[in-house]
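Undergrad: I have a structure here, written as C-alpha cells, and I will follow up with some questions on it.
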Amino acid sequence: MKIRGRAYKIERDNINTDEIIPARYLNVSEPEILGKHCMEGIEGNFSKKVRRGDILVVGKNFGCGSSREHAVIAIKSCGVKAIIGESFARIFFRNAINTGLPLVISGGWSKEISTGDTLEIDFEKGVVKNLSTGKRYTVTPFPKFIQEIIKNDGIMKYLKNVKRTETLHTR
Amino acid sequence: MTEKLLLAHTSKRSIFPGEFIYVSVDLALANDITAPIAIKVLKENNIDEVFDPDRVVLVLDHFTPNKDIQSAEQCKFVEAFAKEKRIKHLFSPAGGNMGIEHILLPERGLVLPGQLVIGADSHTCTYGALAAFSTGVGSTDFAYVLAEGKIWLRVPKTIKVIFYGKRKKYVFGKDLILYFISKIGVDGANYMSLEFYDRVSPPLCMEERFTICNMVIECGGKNGLFPYDRITEEFVKFHSRKKYKVYHPDRGAKYEDVIEINVEGISPQVALPSLPSNSVGVDKLEKKIYINQVVIGSCTNGWLYDLKIAAKILVGRRIHPDVRLIVIPATQEIYRQALKEGIIEIFTNAGAIISPPTCGPCLGGHMGILADGERCLATTNRNFVGRMGSTNSEVYLSSPAVAAASAIAGYIISPEEIKK
C-alpha cells in the first residue's frame, strides 16, 4: 500500500486527545461536526487549513490522554490520510489502526519534514520518501497482522474479510 | 505477572513481550461517550449479537445527569441498546444506580483478581489494583470485543516499581504516583506494564492503590498492577462472594527495569499545568498560586476514603470566599455513607457544593467549567490545556488533602500549613 500527499506539520510533543477534540464536543459522534473542531485548542482553523489527502506530521507521544475515538474520527474527517509521528500514545495508536488510519513511527527523522513537502509512504517496504527534498527514510514495517488491518480499512472489516482464524492473528 | 495473566487468557503455551496475541475478555466496559460510537460500529457491520451480555458493563457517568439534549440522546441510545441486548450491568441515574465507572465496578464487586478487563475508557487501568489485567481502549476495540469476546494485544514489557520507606504525614497514593510520573515522564511507560510493590510505612490502603493504578495511563502505561496480598483479599471479600483465581509474579520474572522510590523525601505534590508530569512538592512553590475553584472527586480520588481526608481538614473551617469547592462523591453508595458519617455536613458547613456522582468537571463536561483565566486545583487526573473549560484556564492536580487545605487558604498550600 502506497500513499502520497502533502505534509502538514504540527511541531509539538504530547498533543493529547483533549486538544485534538475537546470534551465539550463529545456529546456528538458525527464526523463532520467533530472535524470542524479538530485541533481547536492548538491550531486555529486547522480544519480549513488542512487539505484532503494531507499527511499529518507530529512529534512525540501524539494522542496521549483520553481514549476518545472522536480524536481519530475528527482527524479523518478533515481529510488526513496518514500520520507520521515520532511516537504515538498506545490507545490512539490502536484507534487509528482499528479504524484504518495508517500511522508511521519515525523516531526522529520526521523533524526534517516541512509543511508543504510532498511525501510518499510505502507501508509494505517501510519507506518514506520526501519528494520535495529528495530524502528517503526507512522504518520497520508494521507486523503483517497490523498491515492486514490497515489494508482492510480497520479491524471490523478485517474481521469480516479475513475471518476468525486465531492462528493467523497470532503469528 | 502481566504476562501470566495474559497467557491464562489465551490458548497458547507461552507468550513473549512484543508478541501480538488474542486474549479472551472477562469483562468489557464502556460509558456514555465511548459506547455510542461502538454501537454504531456494530450496526454498520450488521453485528446483532453480543458475545456475552452478562460480561458487559455500560456506565452512563460522563455527562450525566444529562447535561444537554445531545448528551441525553446519547444516553437514550445506549440505554435502548442495553435493553435490546439484555446487557446485565447498566448503570445510570435511573433507579439511583449512578456512579463513576472505575469506583463503581470495584464497589459492586464486578472486577475480581485474575480477570482480564477491557474498557473503552483510558482509566480502565485502575483495576490493576485488584491484581487483574485491565486496560483502556477506544470504541472500535470495544465493538470488536462485544462481537467476539476477544481482543488483540501486544504483550508488554514490564517495569517493576518499588515504593519504600516511611512516608510523611499528608503523603498519599496520589502524591506517590504524581511524583513517579514526574520522574518517568508522560510517555515514560508507553506500551509498558507497571508492577507496583508497596513497602511503604504505613502501607498503602486499597483506595490509594486504585489511585496509583488509575494514573498509570498518564505516563503512557498499558496497565499497572499490585500483586495480590492480604489488603487485596480483604477488599475483594468485602465486595464480592464470587470465586476467583490469583496469579502471583514469578520469582525469576524478567523486568525491563526496576525503579525503587524512597518515599521519605516526598512532600505532598502538585502537578502544574499542563501535563501530569509537571509535579513538584507543594512546599517548593515559590509564589502563591491563587485559585478560583477546587474539585474533590473523580475516578482518581472520589472514594469515601478521599472524602474523609478532605473532611478532616475542613471540619470546623470555612473555605475562602473567592473559591468554589465542588465535592463529588464517586457513587451513590459513597454519597450515602458520607451522609451517614456526617461528612457531607462538614463539607456543606465549610461552604462546599456537593455534586451528584459524575465525571463532570474532570473532563470539562459540566458541573464546574472554568472561564477564561480561571484556575482550578483538582484531585482529578489530567491538567491538559482546556481540560476543564476555557483553553485559557489552568488545572493543577493534587491529593484531597492539599485540595482541601487550598480551598481554605484560597491558594495552593500544604495541609501542614493550615493546621498551624
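Just so you know, the sequences run in chain order V and L.
If you use this note's numbering, the first sequence corresponds to residues 1116 to 1286, in order.
If you use this note's numbering, the second sequence corresponds to residues 4 to 423, in order.
Where is the CB? At the ideal position from N, CA and C, for every residue including glycine.
Note that this is a predicted model, so its numbers are computed, not measured.
1. Please report how far the alpha carbon of A407(L) lies from the alpha carbon of Q272(L), in whole angstroms.
2. Please find out if some non-hydrogen atom of the ligand ZN comes closer than 6 Å to the beta-carbon of V326(L).
3. So within the region 1150-1212 of chain V, which uninterrupted alpha helix (DSSP H) runs reach at least 4 residues, ignoring any that extend past its ends?
4. Answer yes or no: do S185(L) and S277(L) have a C-beta to C-beta separation smaller than 7 Å?
5. Indicate the three-state DSSP secondary structure (helix, strand or coil) for A410(L) in the structure shown.
6. Chain V partners of Y194(L), CB-CB under 8 Å?
7. Find the residues of chain L that neighbour D1292(V), judging by a C-beta separation of less than 8 Å, and give them in chain order.
8. Taking DSSP's pairing of strands, which residues face L400(L) in a bridge?
9. From G176(L) to K1124(V), what does the alpha carbon distance come to, in whole angstroms?
10. Using the rule of at least 16 other Cβ atoms within 10 Å of the residue's Cβ for burial, across every protein chain shown, is G251(L) buried or exposed?
11. Is there a Cβ of chain L sitting closer than 7 Å to that of Q1146(V), yes or no?
12. Run through chain L and tell me which residues come within less than 7 Å of T1214(V), C-beta to C-beta.
13. Just the C-alpha distance for E1239(V) and P1256(V), rounded to the nearest angstrom, thanks.
14. Can you tell me whether L156(L) is helix, strand or coil according to DSSP?
15. Cβ closer than 7 Å: which chain V residues qualify as neighbours of P39(L)?
16. Using a Cβ cut-off of 9 Å, pull out every chain V residue sitting near D71(L), in sequence order please.
17. Indicate whether K248(L) and G112(L) have their beta-carbon atoms separated by less than 7 Å.
18. Taking the DSSP output, what are the residues bridged to N1131(V)?
19. Using CA coordinates, which residue listed in R1121(V), E1227(V), T1248(V) is at the minimum distance from I1170(V)?
20. Do T303(L) and N226(L) have their C-beta atoms within less than 7 Å of each other?
21. For K1259(V), count neighbouring C-beta atoms within 10 Å of its own C-beta (all shown protein chains included) and say buried if the count is 16 or more, exposed if not.
22. If you measure beta-carbon to beta-carbon, which residues of the region 130-157 of chain L are closer than 8 Å to chain V?
23. Count the other CB atoms within 10 Å of the CB of A374(L); is the residue buried (16 or more) or exposed (fewer)?
24. Rounding to the nearest angstrom, what Cα-Cα distance links A41(L) and G268(L) in this structure?
25. Applying a beta-carbon distance threshold of less than 7 Å, which residues of chain V neighbour A123(L)?
26. Of all the residues that make up the region 1160-1186 of chain V, which are near chain L by a beta-carbon distance shorter than 8 Å?
27. Relative to chain L, which residues along the region 1247-1276 of chain V have a C-beta separation below 9 Å, given in chain order?
28. In chain L, which residues lie less than 7 Å from A1138(V) when you measure between Cβ atoms?
29. According to a CB-to-CB cut-off of less than 8 Å, which residues of the region 294-325 of chain L neighbour chain V?
30. What does the Cβ neighbour count give for L1283(V), buried or exposed, with the cut at 16 atoms within 10 Å?
31. Report all residues from its chain with a CB closer than 7 Å to the CB of V189(L); omit the five preceding and five following residues, and keep chain order.
TA: Checking against the coordinates, here is how it stands:
1. If I take the Cα positions, the gap works out to 13 Å.
2. For the structure depicted, the ligand ZN is absent and the ligand set is empty, with no information on it obtainable.
3. 1161-1164, 1185-1192, all fully within the region 1150-1212 of chain V.
4. no
5. helix
6. R1205
7. Nothing can be reported for residue 1292(V), as the shown portion of chain V is limited to 1116 through 1286.
8. A274(L), A381(L)
9. 39 Å
10. According to the sequence displayed, residue 251(L) carries His and not Gly. Classification for H251(L): exposed.
11. With the sequence shown as reference, residue 1146(V) is identified as Pro, and Gln is not the correct amino acid for it. Cβ-Cβ to chain L under 7 Å: no for P1146(V).
12. T143
13. 6 Å
14. It is a strand residue.
15. S1144
16. N1142
17. no
18. C1179(V)
19. R1121(V)
20. no
21. Exposed, because fewer than 16 other Cβ atoms sit within 10 Å of the Cβ of K1259(V).
22. G139, V140, G141, S142, T143, D144, A146, Y147, A150, E151, W155
23. exposed
24. 46 Å
25. S1182
26. K1175, N1176, C1179, G1180, S1181, S1182, R1183, E1184, H1185
27. For the region 1247-1276 of chain V, which is checked against every Cβ of chain L, the residues closer than 9 Å are P1258, F1260, I1261, I1264, G1269, I1270, M1271, K1272, L1274, K1275.
28. One finds L366, G367, G368 in chain L with Cβ atoms closer than 7 Å to the Cβ of A1138(V), taken in chain order.
29. Cβ contacts with chain V come from no residue of the region 294-325 of chain L.
30. In this predicted model, L1283(V) has a pLDDT of only 42, less than 50, meaning its place in the structure is not dependable; the value taken from the coordinates is given anyway. It is exposed - the Cβ of L1283(V) has fewer than 16 other Cβ atoms within 10 Å.
31. E221, C222, G223, L278, P279, S280
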